[in-house]
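Reading through the structure tokens given below for one structure.
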DNA sequence: TCTGGGGTCCTAGGACCC
DNA sequence: TCTGGGGTCCTAGGACCC
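Numbering (the numbering used here), first residue to last: -13 to 408.
See below:
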């Protein structure tokens, strides 16, 4: 193995974050819910063993949850985001090249070549992350990203539960591929899984041995790449410097249905304010703004969903300006008599936020507006979300969803610091 | 009663051009 | 009756990921 990749994947990340600060949760079934306390998006091993399904609406699993006294948490993204940052900081000490792939996963570029060396590194990563963050992780090493994913999967499922698997030669790689179902390979979703099933491709090993032209034809370029990656030919390069994002979206399902034009406008103003904060953090400005709203897709009433796309006269990251456009969009799509369940705003065609120039024609003092926005961001960061709000936004958010079981933001709010009583 | 949110990449089809 | 072909750009929607 001339060059290898390690995938470091946090085990049951959200649940594990909760357990760091409440050790009483260890060994017990625990789940974390999506926004609005809707679906189950993270499960402890004990919860999985009970048969609680990933992604299932909480109400469908209510019986199991109650019968086995499962601890249930609303998601606490502030906490998880901060814990993720700590994990990634720690990982950066192990390899010169680290690609942060998601909130709970990273790929590391390794120069080490052998089974023993790679395994030792994996164990060192696990040890240090355990001591420094309290989070359990699994490490998979392989010649490509897809093989590293396979390795991590095998490590997690192995009887010995070592937490590290290294596919350092053809024999080990084949043995691992034979143990993984084709539908569980990274990049195979329901659609490609159906194609594979019809073709009698059952394991990842079968897929690795599939004819390349057949794969290209039936699974697309993405599928063809998966086949090559399974054979050890890298097609997905390590990307250690994140490219600027292309879109920013802020949206939510409502806790109760929204009817009036004004209430929809207020909700959309709130979403675009949140999106603008993220835009400024990334030092970007948007050229296009999309507003969308939809009725309850599970409801019996009339189904409706609509979008309004607005091109901004000048790329903008200025909240009041974006709010004004978003309100216009909301007014366009609002239809009287309908009940809205969800709405949101997407900002796209993002460009680097230029040093603001005074607009000659748009009548907005951009440098000044930019300074105001920065000040608002700083105050809200220092004193808490929504300490300062823009006037166009209603203070109370009656349509806000449920967040009934959120744990304290232990690591980012002084007043929510963990208390230990002697 | 209750059913998530935020991304990326690819593809197909239409408009348009030479 | 015959009535190109290839390129680019854009957009909407599909597929997939965590």
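The beta-carbon is built from N, C-alpha and C at its ideal position, and this holds for glycine as well.
Because the structure is a prediction, the values reported are computed rather than measured.
Give the secondary structure of residue 257 by DSSP, where H, G and I count as helix, E and B as strand, and everything else as coil.
-> As a working note, residue 257 is residue 271 in the first chain. It is helical.
On the three-state DSSP scale, how would you describe residue 57?
-> Stepping through the first chain from its first residue, residue 57 is reached at position 71. In the structure shown, residue 57 sits in a strand (DSSP, three-state: E or B).
Say whether the stretch 25 to 36 touches the stretch 46 to 65, bearing in mind that this needs 3 or more beta-carbon pairs closer than 8 Å, one atom from each stretch.
-> yes
Identify which residue in 154, 36, 203, 340 has its Cα closest to the Cα of residue 50.
-> Taking the first residue of the first chain as position 1, residue 50 is located at position 64. Ranking 154, 36, 203, 340 by Cα distance to residue 50 puts 36 first.
For residue 205 versus residue 181, is the C-beta spacing smaller than 8 Å?
-> Taking the first residue of the first chain as 1, we reach residue 205 at position 219. Taking the first residue of the first chain as 1, we reach residue 181 at position 195. A contact, by the Cβ cut-off of 8 Å.
Between which two residues does the beta strand (DSSP E) containing residue 238 stretch?
-> Residue mapping note: residue 238 aligns to position 252 of the first chain, counting from 1. Unbroken beta strand (DSSP E) run through residue 238: 233 to 244.
Span of the alpha helix (DSSP H) holding residue 410?
-> Any question about residue 410 goes unanswered here, given that the chain covers just -13 to 408.
Any chance you could list the alpha helix (DSSP H) runs of at least 4 consecutive residues sitting entirely within the stretch 78 to 132, in chain order?
-> 101 to 119
Where residue -1 falls: helix, strand or coil (DSSP) | Looking up residue -1 in the first chain gives position 13. Of the three classes helix, strand and coil, the one that applies to residue -1 here is helix, per DSSP.
Which class does residue 315 belong to by DSSP, given the choice of helix, strand or coil?
-> Taking the first residue of the first chain as position 1, residue 315 is located at position 329. For residue 315, the secondary structure class from DSSP, reduced to helix, strand or coil, is helix.
Around the Cβ of residue 207, are there at least 16 other Cβ atoms within 10 angstroms (buried) or fewer (exposed)?
-> Taking the first chain and counting its residues from 1, one reaches residue 207 at position 221. With fewer than 16 other beta carbons inside 10 angstroms of its own, residue 207 counts as exposed.
Taking the alpha carbon of residue 189 as the point to measure from, which residue in 387, 165, 82 has its own alpha carbon closest?
-> Residue numbering aside, residue 189 sits at position 203 when the first chain is read from its first letter. Each of 387, 165, 82 was checked against the Cα of residue 189, and the nearest Cα belongs to 165.
Who does residue 278 pair with in a DSSP beta bridge?
-> If you number the first chain from 1, residue 278 lands on position 292. DSSP lists 293, 330 as partners of residue 278.
Inter-residue spacing [alpha-carbon to alpha-carbon] between residue 89 and residue 201 = What you label residue 89 is simply residue 103 of the first chain in a count that begins at 1. What you label residue 201 is simply residue 215 of the first chain in a count that begins at 1. One C-alpha to the other measures close to 31 Å.
Can you tell me the Cα-Cα spacing of residue 66 and residue 33, whole angstroms?
-> Position 80 of the first chain holds residue 66. Position 47 of the first chain holds residue 33. Cα to Cα, residue 66 sits roughly 20 Å from residue 33.
DSSP beta-bridge partners for residue 152?
-> Position 166 of the first chain, counted from the first residue, corresponds to residue 152. Bridge partners of residue 152: 127.
Distance between residue 351 and residue 334 (C-alpha atoms, nearest Å) = Taking the first residue of the first chain as 1, we reach residue 334 at position 348. Taking the first residue of the first chain as 1, we reach residue 351 at position 365. Taking the straight line from one Cα to the other gives about 23 Å.
Quick one: grab the DSSP three-state call for residue 43.
-> Taking the first chain and counting its residues from 1, the one referred to as residue 43 is at position 57. Residue 43 falls in the strand class under three-state DSSP.
Ends of the beta strand (DSSP E) at residue 28?
-> Position 42 of the first chain holds residue 28. Residue 28 -> beta strand (DSSP E) spans 26 to 29.
Find out if the Cβ-Cβ distance for the pair residue 115, residue 73 is shorter than 8 Å.
-> Here residue 115 refers to the residue found at position 129 of the first chain. Here residue 73 refers to the residue found at position 87 of the first chain. The answer is yes: Cβ separation under 8 Å.
Buried or exposed (CB count within 10 angstroms, at least 16 for buried), residue 140 | Here residue 140 refers to the residue found at position 154 of the first chain. Classification for residue 140: buried.
Report yes if the CB atom of residue 19 is closer than 8 Å to the CB atom of residue -7, and no otherwise.
-> The sequence position of residue 19 within the first chain is 33, counting from 1. The sequence position of residue -7 within the first chain is 7, counting from 1. By the CB criterion at 8 Å, residue 19 and residue -7 fall outside the cutoff.
Do residue 309 and residue 376 have their C-beta atoms closer together than 8 Å?
-> Along the first chain, read from residue 1 onward, the residue named residue 309 stands at position 323. Along the first chain, read from residue 1 onward, the residue named residue 376 stands at position 390. Going by C-beta atoms, residue 309 is nearer than 8 Å to residue 376.
Sub-8 Å separation of residue 329 and residue 237 beta-carbons = Counting from 1 along the first chain, the entry for residue 329 is found at position 343. Counting from 1 along the first chain, the entry for residue 237 is found at position 251. Yes, they are a contact pair.
Can the beta-carbon of residue 302 be found closer than 8 Å to that of residue 85?
-> Along the first chain, read from residue 1 onward, the residue named residue 302 stands at position 316. Along the first chain, read from residue 1 onward, the residue named residue 85 stands at position 99. Going by C-beta atoms, residue 302 is not nearer than 8 Å to residue 85.
Looking at the unbroken alpha helix (DSSP H) that takes in residue 214, where does it start and where does it end?
-> Here residue 214 refers to the residue found at position 228 of the first chain. Where residue 214 is concerned, the enclosing alpha helix (DSSP H) stretches over 198 to 216.
Report the partner residues of residue 272 according to the DSSP bridge assignment.
-> On the first chain, residue 272 is found 286 positions in, with the first residue counted as 1. According to DSSP, which records beta bridges pairwise, residue 272 is partnered with 302, 336.
Could you check where the alpha helix (DSSP H) with residue 181 kicks off and where it finishes?
-> Here residue 181 is taken as the residue at index 195 of the first chain, counted from 1. The continuous alpha helix (DSSP H) containing residue 181 extends over residues 176 to 184.
From residue 212 to residue 173, what does the alpha carbon distance come to, in whole angstroms?
-> Locating residue 212 in the first chain gives position 226, where the first residue counts as 1. Locating residue 173 in the first chain gives position 187, where the first residue counts as 1. Using only the alpha carbons, I get a separation of about 7 Å.
Is the beta carbon of residue 22 sitting closer than 8 Å to the one on residue 239?
-> The residue labelled residue 22 in the question sits at position 36 within the first chain. The residue labelled residue 239 in the question sits at position 253 within the first chain. Yes. Within cutoff.
Residue range of the beta strand (DSSP E) that residue 19 falls in?
-> Counted from its first residue, the first chain places residue 19 at position 33. Residue 19 -> beta strand (DSSP E) spans 16 to 19.
Give a yes or no on contact between the stretch 276 to 295 and the stretch 354 to 366, applying the rule of three or more CB pairs nearer than 8 Å.
-> no
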